[in-house]
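Asker:
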Amino acid sequence: MKLIDKYREKMVDVGEEGDDLIETTLREIGKEYRPGLIRWIREESDRWNRLLLLEDRINQATLSKDDPGLKAALSAYKDFIMEMLKSFEMENSLPLFGNDLDDVERMITREVKN
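In the numbering used here, the protein residues as written are 665 to 778.
#1: Touch check for the segment 713-721 and the segment 731-747: three-plus C-beta pairs under 8 angstroms?
#2: So, for leucine 715: in the same chain, excluding its five sequence neighbours on each side, which residues have a beta-carbon less than 7 angstroms away from its beta-carbon?
#3: So what's aspartate 710 in DSSP terms, helix, strand or just coil?
#4: For serine 728, which of helix, strand or coil comes out of DSSP?
#5: Alpha carbon to alpha carbon, how far is arginine 703 from alanine 736? Give it in angstroms, no decimals.
Below, the structure is given as structure tokens:
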């Protein structure tokens, strides 16, 4: 339950202010845009769909207060993110999480355990 409460606090109705939040987020994403991303989404549609399904599982488990389901979904999400970082050489994303793949894995594992 502790894990669910932690993530529930982050879910808010942003209302009209959400437009500014979305625009700001898109600008931040755009700063790190790498040519070929759209091509990757098209070529790797199965992986893209898997990412969206995993995020949906996390949301459903959080909203239904399913703590074991949330832990399982977060663990699967962690594995997927690590697979993507290793498979597609996304090292330019690492400064968001740490210095190397080991830092990323430790950070994600810590979140799943909490």
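Cβ atoms here follow ideal geometry from the backbone N, Cα and C, with glycine treated the same way.
Answerer: Considering the structure as presented:
#1: yes
#2: Phe744
#3: helix
#4: coil
#5: 30 angstroms
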